[in-house]
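Student: Structure incoming, see below.
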Amino acid sequence: MVITLDYLLNPGAGEMVMEYEAKFEVKDHSDIERALKSLGAVYEEEVFEEDHYIDLYPCIKLRERDEALRVRISEGSRSRRGEITYKGPKIRKDLKARDEITVEVRDPRGLVEIFRRLGFKSHVIR
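If you want my numbering, it's the position in the sequence shown, counting the first as 1, plus 361.
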């Protein structure tokens, strides 16, 4: 199991934020679960995320610029959400730090289809 910790500075819809991300391999997550509960965290639901990274080639070579455009579809038993995120180039190499702009999208699958019909490919990560 891998735990991902994201820390966003100045979060807000459509605003540019700075994301700091670190990933840690965890063999037994019971200590983390206890610590979260002691801080008042409450389990709400399991959410599955499907990420579509849009390749804007030949217009822009995002990978060469260390940038990304992602459409995320998040679905749980009680919630459904979509968003598109621009990820700027990494600012630090030792810790994944980059500028991000995220906007909520009502129909993320439709947005992925629009990109496809315009000739852009997407790479799916589930």
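Note that CB positions come from ideal geometry on N, CA and C, so glycine has one too.
Could you name the residues of the same chain whose beta carbon sits closer than 6 Å to that of Gly443, not counting the 5 residues immediately before and after it, in chain order?
Tutor: Excluding positions up to five away in sequence, the list reads Ile434, Val466 and Pro469.
Student: Any idea what DSSP makes of Ala458, helix, strand or coil?
Tutor: The answer is strand: DSSP assigns Ala458 an E or B state.
Student: What are the start and end residues of the beta strand (DSSP E) that includes Ile421?
Tutor: Counting along the chain, Ile421 falls outside any beta strand (DSSP E), and DSSP gives it neither H nor E.
Student: Whole angstroms is fine: what's the gap from Ile421's alpha carbon to Arg441's?
Tutor: If I take the Cα positions, the gap works out to 30 Å.
Student: If you reduce the DSSP assignment to three classes, tell me which class Arg395 lands in.
Tutor: DSSP places Arg395 in helix when its eight states are reduced to three.
Student: Count Cβ pairs between the stretch 448-467 and the stretch 478-486 that sit closer than 8 Å; are there 3 or more?
Tutor: In short, these stretches do not touch, since the Cβ pair count stays below three.
Student: Going straight from the alpha carbon of Ala429 to that of Glu407, what length do you get?
Tutor: Between Ala429 and Glu407, the C-alpha separation is close to 26 Å.
Student: Does DSSP put Met362 in a helix, in a strand, or in coil?
Tutor: Any answer about Met362 is weak, because its pLDDT of 45 lies below 50 and its placement is not dependable; what the coordinates show is given next. Residue state, collapsed to three classes: coil.
Student: Along the alpha helix (DSSP H) that carries Glu411, what are the first and last residues, could you check?
Tutor: Premise fails: Glu411 lies in the beta strand (DSSP E), Val408 to Asp416, not in any alpha helix (DSSP H).
Student: DSSP three-state call for Phe476: helix, strand or coil?
Tutor: Three-state DSSP puts Phe476 in a helix.
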